[in-house]
Every structure is written in C-alpha cells, then in structure tokens.
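K.L.:
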Amino acid sequence: MLKIRLQQTLISKDLAPHRALAKSIVDEMGIDAFDLAAALIYLCHDSSQIPAEEKNNNNQTPIDCSHPELKMVRYRLDVGSQNQITLETIKNLLVNESGVDKNNIRNITIQGQYTLLDLPDNMPQDIFLHLKTVEINQHKLDIKRVKPGNTKRRGKNRSRRARQRHSKIVHGPSDQVNGG
C-alpha cells in the first residue's frame, strides 16, 4: 500500500519544493538521503502496518549509513548569510582549502554574520591558520574554535539586566512634588 501511494505521488504531484527542503535537511544535518527517507516514513507511517516482506526485503543489500565516530569540534566562521554564502559554498571551500572530507563537515548553522559548524578534531595547526586568512565573497573566514559550553543566551540576560537597572533607579529631589 505504501509503495502504491508513493508511486502515485511521484507521478502526479509537483515535488520540487519538497525536494529542495529534503536537500537542505540532508546538507544541514550531514545525513544520507536514505536516512532522511527512513525517518520520514517512520514519522508519517505506522510501522506496524509495514508488511513483513517490506521490513525484511532480502533482495536489497543493506546500506551502511553509519559514520565512523570522529571526535568533532565546533568552529565559528566570520561569514554568514549577509555575505551571500550557502552550505555548498562553505563545504566546497573547506574541502578545497583544508582537504577535509565533505561528509565530515557537520551541523552547519548559517546565521546573519557568522556560521557555526563541526569539523574533525584532528585539524593541523597550519591548516587552521590558513583557514583564518581564506576569503569567501571578499570576507575572511577568520575561523575560531568555539569553547565547549559556550551557549549563552544574550536575549534573556539583556532583559534581566534591563529590569535590574529600572529597579535600581533612585529618585532625586527634582522628582518630588512640592506642596506649596
């Protein structure tokens, strides 16, 4: 039943926006398209309804989608969406400039003025220093290692500080009303 519904959808629907979203998810999460498909089927389809022959289809060889467990380090790049960069341009640049495997560039988060990503821990110092000077769209990457646990939320602190400032305001003599 699932296969029939999938075939009908593939034939009769415009899936271009869905394909773009799927590609974006695959790129951002650094996962395989088969893993994405499996997770979506799991989320949208009751697994108890999948027939046994579909669960244990021996005609296909299992696909090993596991990544060897690498120790990853979080990095910050001083380029972001304001610099007209994309996931692909960042990945291609890092592959070309550092030789890192494209599959080992993970958890990319592009913000307005910066980008966060995970790279393998074993980056040589000379490559790290080189990446500080590399430019993308005329902006230096200026790569920096993010310290673990550096996940401060500035917005909450700002509002708390504002409340503290307002509560500490001392009214001076000019604020008092004279009786006569």
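Using the working numbering, the first residue of the sequence shown is number 196, and each one after it goes up by one. Glycine included, each C-beta is placed from N, C-alpha and C at the ideal position. Just so you know, these numbers come straight off a predicted model, no measurement behind them.
Within a Cβ cutoff of 7 angstroms, which residues of the same chain sit near asparagine 340, ignoring the five residues on either side of it in sequence?
P.N.:
The sequence shown places arginine at residue 340, not asparagine. Taken in chain order, the residues that qualify are Val268, Tyr270.
K.L.:
Which of helix, strand or coil does DSSP assign to glutamate 264?
P.N.:
Reduced to three states, the DSSP call for glutamate 264 is coil.
K.L.:
For isoleucine 322, which residues from the same chain have a beta carbon less than 6 angstroms from its beta carbon, with the 5 sequence-adjacent residues on both sides left out?
P.N.:
Ser293
K.L.:
Please check the pair asparagine 302 and aspartate 313, which I expect to be a contact at CB under 8 angstroms, by giving their CB distance rounded to whole angstroms.
P.N.:
5 angstroms
K.L.:
Pull the bridge partners of threonine 304 from the DSSP assignment, please.
P.N.:
Leu311
K.L.:
Under DSSP, the alpha helix (DSSP H) around serine 219 begins and ends at which residues?
P.N.:
211–224
K.L.:
Compare the C-alpha of glycine 336 against each of Lys208, Lys218, Ile280, Asp222 and name the closest.
P.N.:
The sequence given here places leucine at residue 336; glycine does not occur at that position. Comparing Cα-Cα distances from leucine 336 to each of Lys208, Lys218, Ile280, Asp222, the minimum goes to Ile280.
K.L.:
Below 6 angstroms CB to CB, which residues in the same chain sit around lysine 266 once its five sequence neighbours on both sides are set aside?
P.N.:
Asp316
K.L.:
Which residues in the same chain as isoleucine 258 place their Cβ atom closer than 7 angstroms to its Cβ, once the five residues preceding and following it in sequence are excluded?
P.N.:
Residue confidence for isoleucine 258 is low, a pLDDT of 38 falling below 50, so the modelled location carries little weight; the figure read from the coordinates is stated next. Cβ neighbours of isoleucine 258 beyond the five flanking positions: Phe229.
K.L.:
Straight-line CA distance for leucine 231 to lysine 286?
P.N.:
Going from the Cα of leucine 231 to the Cα of lysine 286 covers about 20 angstroms.
K.L.:
Secondary structure at lysine 286, three-state DSSP: helix, strand or coil?
P.N.:
helix
K.L.:
What does arginine 200 pair with, by DSSP beta-bridge criteria?
P.N.:
According to DSSP, arginine 200 bridges with nothing at all.
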